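Protein chains in written order, with the numbering used here: chain A, 62 to 340; chain B, 26 to 198.
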């Protein structure tokens, strides 16, 4: 017995090593699910405030560009407003649920962003206090950015589209054929459109937009532009479609968050009919 | 190991950690070479330190980097591996005549070529584990090797520069 204990004592460094590695692996695994809430991440108060200070310094140098983008966007929105605006007259039409606003949009600022790893995340400067919830879609004027993973009171962490865990339901704009966009983990400008059947005619230059099926994003937010179409090598039933992402992830500064206000109704409908709701 | 040197070590830890998370987080040369300069704080602990406290320090250091990097556990696992291997590797590469009592394994106290043999394999082991975990399931092993190799070189170069610039030359008594 004594010798066993002595043996273990001699191995104490190795045992501690194994224990620490086991803790680390447990932390990795338990934080790895795209939907799961995380224990500690950059949405905690201390880390969030450090990142916010840092980004408020670096953002100062991008103010010029940010202003220009906002101005252009304002101009297009005002143009659209002018087209749809009609003067009120005496008729009053009761709106039914088909015209109800399904999506609510909020704004936030990115305070931390990564694009060089296989699992990239963004941290935002708004939290549950400002009405952010896990599952909201993140996009900017260029296209899809990601999805909110967890929120704290003042900050939120989202998984970026540049994350091998995230699939975004999408479709080819010209033919309405749907598939899933997935990032393959190497180049921050390229992604793939998966599950498009072989018979579909897709061409380089077609744009790919969100389909609106997954209830995270409204229909029509740009994702990318097809650069190459070839038969898939590992599954002969599908096409291998390469995209160039429209979002420039290295300069994502201000983003919009979109929430589907009818998602609970949709969810309960899915669970009633015993369908899995794939986000 | 007196109070003053402990104070200096803690300062060095905090300084390297903040440089890592504030300046080097989004830096990647040519998209492949990352820099993990905070490992220098673990490498430069005194030679006489035992493996167990070293591993505990490295684990928590890795964890604090993880919180900023959104990669909970990955840096902690890799830094623990580095700390575990460090003392074995120190024994293997010890110069003839052994180390001086209470010295630290830096360029100033040893030599440039010795420091490269000492730190490069450790950086490489760290980066290998880190990028393997990051690319787990994508099966892209060439990318892992590529990133690990160039990250170790970049980290090594920066570690040498930091020591040459900021560490005082040892006075000859």
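All C-beta atoms in this analysis are idealised placements derived from N, C-alpha and C, irrespective of residue type, glycine included.
A quick note: this is a predicted structure, and the numbers were derived from the prediction, not measured.
Legend entry - Residue range of the unbroken beta strand (DSSP E) whose run includes residue 182 (chain A): 180 to 185
Inset, instruction - Flag residue 247 (chain A) as yes if its beta-carbon sits less than 8 Å from any beta-carbon of chain B, otherwise no. - result: yes
Legend entry - Buried versus exposed, by CB contacts within 10 Å (16 or more), residue 333 (chain A): exposed
Legend entry - For residue 292 (chain A), the three-state DSSP class (helix, strand or coil): strand
Inset, instruction - Return helix, strand or coil for residue 213 (chain A), following the three-state DSSP convention. - result: coil
Inset, instruction - Compute the Euclidean distance between the alpha carbons of residue 179 (chain A) and residue 172 (chain B), then round it to the nearest angstrom. - result: 12 Å
Inset, instruction - Spatial neighbours of residue 194 (chain A) within its chain, please: CB distance less than 8 Å, with the 5 preceding and 5 following residues excluded, ordered by chain position. - result: 209, 212 and 320
Inset, instruction - Could you check what DSSP says for residue 256 (chain A) in three-state terms: helix, strand or coil? - result: coil
Legend entry - Beta carbon proximity, residue 58 (chain B) to chain A, threshold 8 Å: no
Inset, instruction - Could you check what DSSP says for residue 167 (chain B) in three-state terms: helix, strand or coil? - result: helix
Legend entry - Limits of the beta strand (DSSP E) - the one that residue 267 (chain A) falls within: Taken as a continuous stretch (DSSP letters only), residue 267 (chain A) belongs to no beta strand (DSSP E), as it is neither H nor E.
Legend entry - Any C-beta of chain B under 8 Å from that of residue 216 (chain A): no
Inset, instruction - Compare the beta carbon distance of residue 219 (chain A) and residue 176 (chain A) with 8 Å and say whether it is the shorter of the two. - result: no
Inset, instruction - Indicate whether residue 60 (chain B) and residue 167 (chain B) have their beta-carbon atoms separated by less than 8 Å. - result: no
Inset, instruction - With residue 82 (chain A) as the anchor, note down where its beta strand (DSSP E) starts and where it stops. - result: It is not in any beta strand (DSSP E) - residue 82 (chain A) instead sits in the alpha helix (DSSP H) that spans 73 to 91.
Inset, instruction - Just the C-alpha distance for residue 122 (chain A) and residue 324 (chain A), rounded to the nearest angstrom, thanks. - result: 39 Å
Legend entry - For residue 143 (chain B) and residue 286 (chain A), the rounded distance between their alpha carbons: 48 Å
Legend entry - Exposure of residue 292 (chain A), with buried meaning 16 or more beta-carbon neighbours within 10 Å: exposed
Legend entry - Exposure label - residue 97 (chain A); buried when at least 16 CB within 10 Å: Low per-residue confidence applies at residue 97 (chain A): pLDDT is 48, beneath 50, and the placement is therefore not dependable enough to give any value.
Inset, instruction - Would you kindly check if the distance between the Cβ of residue 115 (chain B) and the Cβ of residue 83 (chain B) is under 8 Å? - result: no
Legend entry - residue 102 (chain B), DSSP secondary structure in three states: helix
Legend entry - Minimum length 4: unbroken alpha helix (DSSP H) runs contained in the region 65 to 115 of chain B: 76 to 94
Inset, instruction - Taking only beta-carbon positions, decide if residue 71 (chain A) is within less than 8 Å of chain B. - result: no
Inset, instruction - Starting from the beta carbon of residue 47 (chain B), find every residue of chain A whose beta carbon is closer than 7 Å, and list them in chain order. - result: 115
Legend entry - the region 177 to 200 of chain A: positions lying closer than 7 Å to chain B by Cβ: 177, 178, 179, 180 and 182
Inset, instruction - Please determine, among B:34, B:78, B:57 and B:64, the residue with the shortest C-alpha to C-alpha distance to residue 77 (chain A). - result: B:78
Inset, instruction - Using a cut-off of 7 Å between C-beta atoms, extract the partners of residue 77 (chain A) located in chain B. - result: 77 and 80
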